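Same order as they appear, the protein sequences are chains A and B.
Sequential numbering from 4 applies to the first sequence in the numbering used here.
Sequential numbering from 395 applies to the second sequence in the numbering used here.
Don't be surprised by glycine CBs; every beta carbon is placed ideally from N, CA and C.
As the structure is a computational prediction, the values presented were derived from the model and not from experiment.
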Amino acid sequence: GQQVMQIPQYQHVQEGEDFTTYCNSSTTLSNIQWYKQRPGGHPVFLIQLVKSGEVKKQKRLTFQFGEAKKNSSLHITATQTTDVGTYFCAGPENTNAGKSTFGDGTTLTVKP
Amino acid sequence: DTEVTQTPKHLVMGMTNKKSLKCEQHMGHRAMYWYKQKAKKPPELMFVYSYEKLSINESVPSRFSPECPNSSLLNLHLHALQPEDSALYLCASSQRTGGFTEAFFGQGTRLTVV
């Protein structure tokens with residue numbers, strides 16, 4: 004079955020430093036979604052990427068979808084304490100069934 | 395209204411109890427999902443309902459029984475659970491299962507089986 008791997012598992016940064024998490028799929032993805040889950044919270048949708056090589060920005064967050072549509076990255080510039088949480092990528096299997104596989108997540112802690 | 399509401403927020407139940415988790419959305423979404431999430435792990439898909447019909451059951455034990463009474467409601471009936479079933483149970487909805495639609499998650503029910 005499809006596997007979605009994320010690295011690193013944990014990242015500790017000083018406030019103001021940059022942060023990147025990487026997502027790799029064993030199969031080609033039709034699209035990829037990114038979610039953020041705050042400690043004690045629930046996953047919240049951040050963005051969806053569809054096109055090969057797509058780059059999208061949300062303020063300090065930059066999302067990329069690889070040319071082969073098998074990998075993706077999330078980069079945060081100048082982290083803030085509000086960025087703390089676990090970031091998950093999720094890729095649907097190439098069907099219309101609604102089955103998505105989540106990566107293991109990257110947990111970000113930010114030291115003020 | 396972009397909310398998915400889950401009740402209860404917390405639940406403690408014995409291994410012989412029967413309980414139900416409830417989920418409600420009023421966004422007109424036609425796909426609804428149950429996920430199970432253990433601490434420090436990603437959400438694991440359990441069930442998918444599409445247009446009120448069960449479309450995916452990820453080989454979930456029969457002690458978990460989903461029900462979709464209408465397009466806005468999703469229930470998860472629990473019976474004879476084991477302590478290892480303790481987890482955060484998340485409901486989610488999306489416009490449909492196919493295509494490129496985001497999933498909205500509820501706040502979850504934190505279940506403890508004693």
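{"Check": "Using 8 Å as the cut-off, can you tell me whether the segment 462-480 of chain B makes contact with the segment 403-415 of chain B, which would need three or more C-beta pairs spanning the two stretches below that distance?", "Outcome": "yes"}
{"Check": "Cβ of Gln83(A) within 8 Å of Cβ of Ser75(A)?", "Outcome": "no"}
{"Check": "Compile a chain-ordered list of the residues in the segment 80-91 of chain A whose CB is closer than 8 Å to at least one CB of chain B.", "Outcome": "Phe91"}
{"Check": "Does the CB of Pro402(B) have a neighbour CB from chain A at under 8 Å?", "Outcome": "no"}
{"Check": "Verify the CB distance criterion: does His78(A) have a CB-CB separation below 8 Å to chain B?", "Outcome": "no"}
{"Check": "Tell me the start and end of each unbroken beta strand (DSSP E) in the segment 23-52 of chain A that is at least 3 residues and wholly inside, in chain order.", "Outcome": "35-40, 47-52"}
{"Check": "Grab me the residues of Val171(A)'s own chain with a C-beta within less than 6 Å of its C-beta, minus the 5 sequence neighbours each way, in chain order.", "Outcome": "Since the first and last residues shown for chain A are 4 and 115, residue 171(A) lies out of range."}
{"Check": "Just list the residues that DSSP pairs Lys59(A) with in beta bridges.", "Outcome": "Phe66(A)"}
{"Check": "Does the CB of His15(A) have a neighbour CB from chain B at under 8 Å?", "Outcome": "no"}
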